[in-house]
Amino acid sequence: MNRLEKAVACILLCLGPLAFGQARLRMSTTTSTENSGLLNVLLPPFERECQCRVDVIAVGTGNALKLGETGDVDVVLVHARALEDTFVRNGYGVNRRDVMYNDFVVLGPANDPAHVRSAKTSADAFAAIARSHAPFISRGDDSGTYVKEMEIWSAAKIVPSGSWYRSVGRGMGEVITMATEQRAYTLADRGTYLAFQQGKTDLVILFNGEKGLFNPYGVIAVNPQRYPQVNYALAMKFIDFITGPEGQGIIAHYRIAGGQVFFPDARR
Numbered sequence: 009m010n011r012l013e014k015a016v017a018c019i020l021l022c023l024g025p026l027a028f029g030q031a032r033l034r035m036s037t038t039t040s041t042e043n044s045g046l047l048n049v050l051l052p053p054f055e056r057e058c059q060c061r062v063d064v065i066a067v068g069t070g071n072a073l074k075l076g077e078t079g080d081v082d083v084v085l086v087h088a089r090a091l092e093d094t095f096v097r098n099g100y101g102v103n104r105r106d107v108m109y110n111d112f113v114v115l116g117p118a119n120d121p122a123h124v125r126s127a128k129t130s131a132d133a134f135a136a137i138a139r140s141h142a143p144f145i146s147r148g149d150d151s152g153t154y155v156k157e158m159e160i161w162s163a164a165k166i167v168p169s170g171s172w173y174r175s176v177g178r179g180m181g182e183v184i185t186m187a188t189e190q191r192a193y194t195l196a197d198r199g200t201y202l203a204f205q206q207g208k209t210d211l212v213i214l215f216n217g218e219k220g221l222f223n224p225y226g227v228i229a230v231n232p233q234r235y236p237q238v239n240y241a242l243a244m245k246f247i248d249f250i251t252g253p254e255g256q257g258i259i260a261h262y263r264i265a266g267g268q269v270f271f272p273d274a275r276r
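Under my numbering, the residue at position 104 of the sequence shown is numbered 112, and the numbers go up by one with no gaps.
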């Protein structure tokens, strides 16, 4: 099959029951993929190739998966492997694939009142913040970032509480903005931080590079046997695209101020 025939086949498959209209793919994903700007360069080539539109709902990973659990989206793109595995194991999703990764970083004001820079581990960094009662802004929204934050507090043997710890139930971009305004610490994904570093925050990375801060992303189709109404064919086309040469190439070359935001990680 030549390139033109493949394009025609893709278009026909994507249109499906909407043969005379534009097909739509409903995708729930994390605020980090949206805040980073990646979707602005990743989705248009797919939409052009398949003559479809991707409707994006950007929320925390937990809520993104809940949208899949109710059959309200066709595909999810998230970053909390334990939650993803549970989602698939419980029959809500199928065909999970690795997509990309980056890492989590501890942000704070450059003067670093809690002396986080001297920490040996992320747990030590959080313990230093707790000891000093320096303000810490938590997403508190069942996101992949919040799941990782709770893992670090647990490793530090600390249950954070008190006026210094503020759980706000907001997305990553909003949390970075709040931490900037309040001269607070926070845990963020590197992609969103790089995007906000361009004139939106003066917070700096005070701790990073630990193996436990690895931040992988996965894509999962919602199970069509459980929810016959989902556009499974188009979801699989998207999964093939984002884990294929073109999608992985876009991810590899996406940069903010020269910094690579995500690293392709598909295993085909």
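For glycine and all other residues, C-beta sits at the position ideal for the given N, C-alpha and C. Computed from a prediction, not measured in an experiment: that's the story for all the values here.
Exposure label - residue i; buried when at least 16 CB within 10 Å
i      : result
Asp149 : buried
His87  : buried
Thr94  : exposed
Pro143 : buried
Gln30  : exposed
Val269 : buried
Ala187 : buried
Arg147 : buried
Glu189 : exposed
Gly226 : buried
Chain-order list of residues whose beta-carbon lies under 8 Å from that of residue i (same chain, five-residue window excluded)
i      : result
Phe271 : Met108, Tyr109, Asn110, Ile259 and Ala260
Glu7   : Nothing in the structure corresponds to residue 7, since the chain is present only between 9 and 276.
Arg11  : Residue placement at Arg11 is poorly supported in this model, since its pLDDT is 44, which falls under 50; the coordinates are not used for a value here.
Simplified DSSP state of residue i, which is helix, strand or coil
i      : result
Asn223 : strand
Asn4   : Nothing can be reported for residue 4: it is not among the residues displayed for the chain, which extend from 9 to 276.
His261 : helix
Asp197 : strand
Ala138 : helix
Val155 : helix
Ile145 : strand
Ala66  : strand
Leu75  : helix
Phe270 : coil
Val176 : coil
Arg97  : helix
Val2   : What the structure shows of the chain is the stretch from 9 to 276, and residue 2 is not part of that stretch, so it cannot be assessed.
Thr41  : helix
Ile166 : coil
Ser171 : coil
Val81  : coil
Ala122 : coil
Cβ neighbours of residue i in the same chain (closer than 6 Å, five flanking residues each side left out)
i      : result
Ile228 : Val84, Gly101 and Arg104
Gly179 : Thr39
Ile137 : Ala122, Phe144 and Tyr193
Ile166 : Ala138
Gly267 : Leu202
Between the CA atoms of residue j and residue i - distance to the nearest angstrom
i      : j      : result
Ser126 : Ala133 : 8 Å
Ala72  : Arg139 : 34 Å
Val176 : Asp210 : 20 Å
Ala265 : Gln233 : 44 Å
Glu57  : Ile65  : 21 Å
Asp197 : Asn48  : 18 Å
Ser244 : Thr153 : Residue identity differs from the one stated: residue 244 is Met in this sequence, not Ser. C-alpha separation (whole angstroms): 26 Å.
Val339 : Asn119 : The first residue shown for the chain is 9 and the last is 276, placing residue 339 beyond what the model contains.
Ser36  : Ala90  : 17 Å
Ala274 : Ser171 : 42 Å
Leu221 : Pro52  : 30 Å
Gly252 : Val67  : 25 Å
Ile250 : Asp106 : 10 Å
Val168 : His141 : A quick correction: the sequence has Pro, not Val, at residue 168. If you take the alpha carbons of Pro168 and His141, they lie about 10 Å apart.
Ala206 : Pro224 : The sequence as given places Gln at residue 206; Ala does not occur at that position. When rounded, the distance between both Cα atoms is 24 Å.
Val212 : Asn239 : 42 Å
Ala135 : Asp248 : 43 Å
Val81  : Thr41  : 17 Å
Thr185 : Tyr262 : 23 Å
Ala164 : Arg174 : 18 Å
Ala27  : Leu46  : The pLDDT assigned to Ala27 is 42, lower than 50, so where the model puts this residue is not dependable; a value taken from the coordinates is nonetheless given after this. Near 30 Å, if we compare the C-alpha coordinates of Leu46 and Ala27.
Val183 : Gly217 : 21 Å
Glu92  : Phe112 : 18 Å
Neighbour flag for residue i against chain B, beta carbons, 8 Å
i      : result
Phe249 : Protein chain content of the structure displayed is limited to a single chain, and chain B is not contained in it.
Contacts around residue i, its chain only, beta-carbon distance under 7 Å, and the 5 residues preceding and following it disregarded
i      : result
Asn231 : Gly99, Tyr100, Gly101 and Val102
Cys22  : Because Cys22 sits at a pLDDT of 49, beneath the cut-off of 50, its placement in the model cannot be relied upon, and the following sentence gives the value as read from the coordinates. The answer, listed in chain order, is Ala31, Cys58, Gln59, Cys60, Leu242 and Lys245.
Gly181 : Thr39, Asn43, Thr200 and Phe204
Under 8 Å between C-beta atoms of residue i and residue j
i      : j      : result
Leu33  : Gly116 : no
Glu157 : Leu202 : no
Leu50  : Gly257 : no
Gly76  : Gln237 : no
Val155 : Ser130 : no
Ser162 : Gly70  : no
heavy atom of the ligand FMN below 7 Å from residue i C-beta
i     : result
Cys60 : Of ligands this structure carries none, so the ligand FMN is not represented either.
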